Structure formats: structure tokens, C-alpha cells
Amino acid sequence: MYLITSAFGGTLGLIFMAIWGMFSLYALISVLKNHNISGGGKMLWIVAIIVVPVFGSLFYVFWHKVKAI
Numbered sequence: 612m613y614l615i616t617s618a619f620g621g622t623l624g625l626i627f628m629a630i631w632g633m634f635s636l637y638a639l640i641s642v643l644k645n646h647n648i649s650g651g652g653k654m655l656w657i658v659a660i661i662v663v664p665v666f667g668s669l670f671y672v673f674w675h676k677v678k679a680i
């Protein structure tokens with residue numbers, strides 16, 4: 612158990628946080644650039660990405676890809 616907690620608290624945790632930050636930033640930029648979403652919809656997506664960053668970002672990116680198909 613110590614090995615797992617020390618790995619996520621160290622380098623692996625830093626890598627995960629950097630990837631998560633870039634993914635959330637990508638989702639926020641994508642929401643702002645999307646012209647198919649109204650102002651209220653954009654606000655809801657931005658709040659979802661900020662309040663629940665991991666799930667909000669993942670849900671938006673997958674929802675956006677499904678809608679594009």
C-alpha cells in the first residue's frame with residue numbers, strides 16, 4: 612500500500628495532474644470555440660468542467676465527439 616501512495620504522491624501524481632490539467636484546458640477551450648452551443652449551454656459546460664474537472668472534461672469530450680458523428 613505504501614508503494615501505491617508514494618507513487619501517486621510523487622512523479623506519477625505530477626504526471627497525472629499535468630495530463631488532467633491539459634485535458635481540462637482543452638475541454639474549456641473547445642467549449643468556448645464551439646458555435647453550436649448557446650450561451651447558457653456554454654456556461655453549464657464551463658461550470659461542470661470547473662466544479663467536477665475530471666468527469667466534466669471527460670463527459671464533454673466524449674459527448675462532443677458523439678454529437679459530431
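Following the working numbering, the numbering of the sequence shown begins with 612 at its first residue and continues without gaps. Each residue gets a CB set at the ideal place from its N, CA and C atoms; glycine is no exception. From a predicted model like this one, the values you see are computed outputs, not experimental measurements.
Excluding residues up to 5 positions away in sequence, Y671, V672, H675 lie with their Cβ nearer than 8 Å to the Cβ of S641 in the same chain.
Judged by beta-carbon spacing, I660 lies beyond the 8 Å limit of A629, meaning their Cβ atoms are not closer than that value. In summary, G624 is exposed, with fewer than 16 beta-carbon neighbours lying within 10 Å of its beta-carbon over all protein chains present.
Restricting attention to alpha helix (DSSP H) runs no shorter than 4 residues, the segment 627 to 674 encloses them at 650 to 662, ordered along the chain. For S635, same chain residues with a beta-carbon under 7 Å away, outside a window of 5 residues either side, are I660, P664, S668 in chain order.
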